[in-house]
Amino acid sequence: MKPESPLRRLAIAGGLALALLVAAALAMTVGPGEFSLGEVLRTLATELGGGEVDRRAHGILWELRLPRVLLAVLVGASLGAAGAVTQGLFRNPLASPGVLGISTGAAAAVVAGFSFGLDERALWATPVLAALGAVAMLGALFGLTARRQDLAYLLLTGVALNALAGALSTVLLAIFLDRYDLAQKAMAWMMGSFDGRGFRHLSWASLPLLAGLAGAWSLHRPLDVLVLGEETAATLGVERGRLRLGAAVVVGLLVGTSTAIVGVIGFVGLIVPHLARAAATRAGRGLAHARLIPLSMVVGAALMLAVDTLGRAMSPTFLAPGALTSLLGGLFFLWLLRRETEVG
Amino acid sequence: MVAIGCGGGSNSPSKAESAGGGKSSTTVAASERRVASRVVLADELLWALGPEVHGRVVGLSPMADDARYSAVAEQWPEATPRLGRNPEELLAIAPDLVIVASFSDAEYRAAIDGKVEVLVLDGFDGFDDFRANLQTIGEAVGAVEAAGEVREAFDARVAKIEARRPSLAEGEARPTIASWQSGYLAGLDTTFDDAAEAAGFRNVATKAGHLRVDAEQLLSWAPEWLVIGCGERACDEAVAALDEAPGIRTLEAVREGRVIAIEAPYLGSVGEGMLELAERLQAPLRASAQQGAKADEASPR
Numbered sequence: 343m344k345p346e347s348p349l350r351r352l353a354i355a356g357g358l359a360l361a362l363l364v365a366a367a368l369a370m371t372v373g374p375g376e377f378s379l380g381e382v383l384r385t386l387a388t389e390l391g392g393g394e395v396d397r398r399a400h401g402i403l404w405e406l407r408l409p410r411v412l413l414a415v416l417v418g419a420s421l422g423a424a425g426a427v428t429q430g431l432f433r434n435p436l437a438s439p440g441v442l443g444i445s446t447g448a449a450a451a452v453v454a455g456f457s458f459g460l461d462e463r464a465l466w467a468t469p470v471l472a473a474l475g476a477v478a479m480l481g482a483l484f485g486l487t488a489r490r491q492d493l494a495y496l497l498l499t500g501v502a503l504n505a506l507a508g509a510l511s512t513v514l515l516a517i518f519l520d521r522y523d524l525a526q527k528a529m530a531w532m533m534g535s536f537d538g539r540g541f542r543h544l545s546w547a548s549l550p551l552l553a554g555l556a557g558a559w560s561l562h563r564p565l566d567v568l569v570l571g572e573e574t575a576a577t578l579g580v581e582r583g584r585l586r587l588g589a590a591v592v593v594g595l596l597v598g599t600s601t602a603i604v605g606v607i608g609f610v611g612l613i614v615p616h617l618a619r620a621a622a623t624r625a626g627r628g629l630a631h632a633r634l635i636p637l638s639m640v641v642g643a644a645l646m647l648a649v650d651t652l653g654r655a656m657s658p659t660f661l662a663p664g665a666l667t668s669l670l671g672g673l674f675f676l677w678l679l680r681r682e683t684e685v686g
Numbered sequence: 007m008v009a010i011g012c013g014g015g016s017n018s019p020s021k022a023e024s025a026g027g028g029k030s031s032t033t034v035a036a037s038e039r040r041v042a043s044r045v046v047l048a049d050e051l052l053w054a055l056g057p058e059v060h061g062r063v064v065g066l067s068p069m070a071d072d073a074r075y076s077a078v079a080e081q082w083p084e085a086t087p088r089l090g091r092n093p094e095e096l097l098a099i100a101p102d103l104v105i106v107a108s109f110s111d112a113e114y115r116a117a118i119d120g121k122v123e124v125l126v127l128d129g130f131d132g133f134d135d136f137r138a139n140l141q142t143i144g145e146a147v148g149a150v151e152a153a154g155e156v157r158e159a160f161d162a163r164v165a166k167i168e169a170r171r172p173s174l175a176e177g178e179a180r181p182t183i184a185s186w187q188s189g190y191l192a193g194l195d196t197t198f199d200d201a202a203e204a205a206g207f208r209n210v211a212t213k214a215g216h217l218r219v220d221a222e223q224l225l226s227w228a229p230e231w232l233v234i235g236c237g238e239r240a241c242d243e244a245v246a247a248l249d250e251a252p253g254i255r256t257l258e259a260v261r262e263g264r265v266i267a268i269e270a271p272y273l274g275s276v277g278e279g280m281l282e283l284a285e286r287l288q289a290p291l292r293a294s295a296q297q298g299a300k301a302d303e304a305s306p307r
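Chains as they are written, first to last, in my numbering: chain A, 343 to 686; chain B, 7 to 307.
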C-alpha cells in the first residue's frame, strides 16, 4: 500500500478540524433567543473577560449553550474513541461499546433511581447512579471473565450482561407502568439529551472522559499488533489479559461517564470509526490506530454536535440525539453488514 | 367527548349521542348500576357523587390510593377492589358499567368489549371537560341531581377564585406564568392553563397541549412566575434545587422568589384538584400584589 503523503494527512486533519469548528459555531447560534454569531462571540468574550452581560444572554449562551456544545464535543469524541477501541479489541468492524453492556447497566441503575425518586434528591444523583451502574457492569464483566482470556468469551459475557441489565430496566418500568411521570423521565433519559446540562455537568464529566481519551490513545500500539491475530500479538509482546483489561476500563470510563451525564446515546461508537476510516483512506480500511483513534474523536465530536444542533433546530419537535443516532446507526449497521458480506 | 358502548361493536358516534342523552342499551336502570372505574378522574367523581353512588362502586382504578395522582387517596373503603391491568379482574366482578379513558390500553378495552358496558371518557383538558365528564358520569350512574350539585359547587368556587384576582391598572397585562417540569411545559388548553387563567395569570405558552421545551426556550420566554411540581421532595427542597439548575437559576422568577411549587396531585389533576391548583397559584400572586400596593403607598409621590 502506498503511504499517504504528509500533505494529505494535514489536509484531512485540517478539514476535520474546520468541520468541527463550523459545527460548534452553528451549535452556538441555533436555538431560542435568535443570537447572531457576532452576539454569541461578544457575549462569550465579555464573560471570559469577567464583564457583565445581559442576564438572558448569560443564562442561555453562557450557562446552557456553551457547556452543552462543549459537552457534545466531549461526549461525541468519547463515544467515537470507545468505538474505535472496541472494534480494534474484537477485530470486528461490527462491534460497538454497546456490546459490553455498560450503557445498559447505567440505564438500569438510573431507572431504579427514577423508580424510587432518588433523582429528585440532588442534581448529581442521576449521574452518580449511572456511573455506579456502569462500574457494576464492568465489575461483573471482569468477575465473570477472569478465568478465561479469550475475546469471544468477553463478548458473549457482555452480550448476556447487556440483556440482563436491559431486562432489569424493563421489569422496573413494568412494575411502575402506571406512573406516567416515571415512564416519561425514563424514556427521555434512555434517548439521551443535552438539555439543561451546565458547567457543573461538564466539570463532572471532564476528568474521567479526558482520562479515558488519553487511555484510548495509549492503546493504539497493542491494538495495531492485535490486528495480526491474538497468537501473533502474544508472540510480539502484547499481553492479552492486560490489553483486555485496559480496553474495558477505557471503554467503561468513556461510555459510562457519557451515559451518566447525558443518558444513552447509542450507535455512535459503531458509526464513527467507519466514518473516520472513510475520511482518511480511500478504501476505508487499513488505518493505524494511532490515527484512527484521534480521528474517531474528531468525527464523533462533529457528529454529536451536528445531531444535537439538528435536534434543537427542529424544536418544538423533540428529536432526542440518542433516537437520531440510533436511527442512523441502525441503517448504517445494515449497510455495513451487507458490505462486509459482499467483501467476505 | 364521551362514548358509551356495549356489545360486539366499537364505540361509535351514535352511541356517544345515546350516552349524552343518558340512555343506554342495558336493562339495568342507571340508578341501580354496579359501576367500576379504571380512571382516576372517575374515582374522584364517583366519590363526589355521594354515599348512594359509593355503595354501587365495585371496582376502582389502580391509582385510586396513590396520593401523587388521586385527590381521593385512601378515602374509598379498602374492601372495594382496585383493578389492575388484567381484564379478568374486571370481568370477575361483573359490573354493569365500567368507566375507562380514551387513553386506556386498547388491549384492555378490546378484552372487555362486548362483555360489559363501557363508558369512555375523552377530554381531560380543563374546567369545561371536567363539567362534561361530571355530567356524563352522573347520567350514566343515575345520579344527575348529585352531579348537578357538584357542578354548582365547582362553578361557585371558580367564580370565587376569579373574583379574587388582583386588579390590574388600565392597559396592564396579567403577569405571565409557566408550568415547567422534566422538560415539559403545560401549554394552552390544559388544566394548568385554565387554573392559571382563573387565578389571574397569563400562560406563556402559545401552543396547545403539553410541550417539550428545553431550558433555553424557557429562558427566552422569561415568565414572570414559574410553577414546578414538588415530585417526591418537600416543596421547599424543589424550589431550592432551582438555584442549582444551570440557566434556570438566572430567571428573574427564580431570583426574585416568584416560584410556586405545587404538591402532587394538584398539578396533574383533571378533577376538582384543578381548583386547588388555581387557589395555590393565586395565593402568592395576591400576596405579591398586596405587597406591591403597600410599597406604592409607602413610596414618596
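The C-beta atom is built at its ideal place from N, Cα and C for all residues, glycine as well.
- Counting only the Cα atoms, alanine 478(A) lies some 18 Å from valine 513(A).
- For the options Leu669(A), Arg681(A), Arg384(A) and Leu408(A), the alpha carbon positioned closest to that of aspartate 537(A) is the one of Leu408(A).
- Residues of chain B with a Cβ closer than 7 Å to the Cβ of glutamine 526(A) are, in chain order, Ser188.
- Taking 8 Å as the threshold, the shortest C-beta distance from serine 110(B) to chain A does not fall below it.
- Between the alpha carbons of alanine 630(A) and phenylalanine 674(A) lies a gap of roughly 22 Å.
- The residues Pro615, Leu634, Ile635 and Ser638, in chain order, have a CB closer than 6 Å to that of alanine 426(A) in the same chain once the five nearest residues on each side in sequence are set aside.
- Chain A has a Cβ within less than 8 Å of the Cβ of alanine 221(B).
- Looking only at Val59(B), Ala117(B), Val78(B) and Pro57(B), the smallest Cα-Cα distance to valine 45(B) is reached by Val78(B).
- Between leucine 431(A) and leucine 565(A), the C-beta gap is smaller than 8 Å, which places the two residues in contact.
- Residue pairing by DSSP places tryptophan 546(A) opposite no residue, since no beta bridge is assigned to it.
- Neighbourhood of glycine 277(B) in chain A, by CB distance below 7 Å: empty, with the nearest CB roughly 16 Å away.
- Residues of chain A with a Cβ closer than 9 Å to the Cβ of arginine 239(B) are, in chain order, Gly459, Glu462 and Arg463.
- For serine 511(A), there is no enclosing beta strand (DSSP E); the residue is found in the alpha helix (DSSP H) stretching over 493-517.
- The beta-carbon of threonine 182(B) is placed no less than 8 Å from the nearest beta-carbon of chain A.
- Put simply, the CB of threonine 256(B) is near chain A, with a gap under 8 Å to one of its CB atoms.
- As a beta-bridge residue in DSSP terms, histidine 216(B) pairs with Ala192(B).
- Every unbroken stretch of the beta strand (DSSP E) spanning 3 or more residues and falling wholly within the stretch 78-143 of chain B is given here in chain order: 103-107 and 123-127.
- Residues are counted here when their Cβ sits less than 8 Å from a Cβ of chain B; for the stretch 512-536 of chain A these are Leu519, Asp520, Arg521, Asp523, Gln526, Lys527, Ala530 and Ser535, given in chain order.
- Between the stretch 450-463 of chain A and the stretch 517-530 of chain A, the count of C-beta pairs closer than 8 Å reaches three or more; the two stretches touch.
- Rounded to whole angstroms, the separation of the alpha carbons of leucine 496(A) and leucine 483(A) is 7 Å.
- The C-alpha of threonine 256(B) lies about 11 Å from the C-alpha of tryptophan 404(A).
- Here tryptophan 231(B) is bridged, per DSSP, to Ile183(B).
- For glutamate 405(A), the chain B residues whose Cβ falls inside 7 Å of its Cβ are Pro252, Gly253 and Thr256, in order along the chain.
- Assigned with DSSP and collapsed to three states, isoleucine 613(A) falls in helix.
- For glycine 356(A), there is no enclosing beta strand (DSSP E); the enclosing alpha helix (DSSP H) has its first and last residue at 348-371.
- Taking CB atoms only, serine 378(A) has no neighbour in chain B less than 8 Å away.
- For serine 420(A), the enclosing alpha helix (DSSP H) covers residues 408-432.
- Ser67, Pro68 and Met69: these are the residues of the stretch 54-69 of chain B whose beta carbon lies less than 9 Å from some beta carbon of chain A, given in chain order.
- Taking C-beta atoms under 8 Å as the contact rule, leucine 647(A) and alanine 365(A) qualify, at a distance of about 4 Å.
- Contact check for alanine 602(A) against alanine 472(A) passes: the beta carbons are separated by less than 8 Å.
- For alanine 620(A), the closest C-alpha among the options Leu358(A), Leu551(A) and Leu503(A) is that of Leu358(A).
- Segment contact: the stretch 141-151 of chain B against the stretch 174-185 of chain B, fewer than three CB-CB distances shorter than 8 Å; contact not assigned.
- Residues are counted here when their Cβ sits less than 7 Å from a Cβ of chain B; for the stretch 469-490 of chain A the count is zero.
- Going by C-alpha positions, glycine 598(A) is about 10 Å away from alanine 547(A).
- For the stretch 384-406 of chain A, the set of positions with a beta-carbon nearer than 7 Å to some beta-carbon of chain B reads Arg397, Arg398, His400, Gly401, Ile402, Glu405 and Leu406 in chain order.
- Contact of alanine 228(B) with chain A is assigned, a C-beta pair being separated by under 8 Å.
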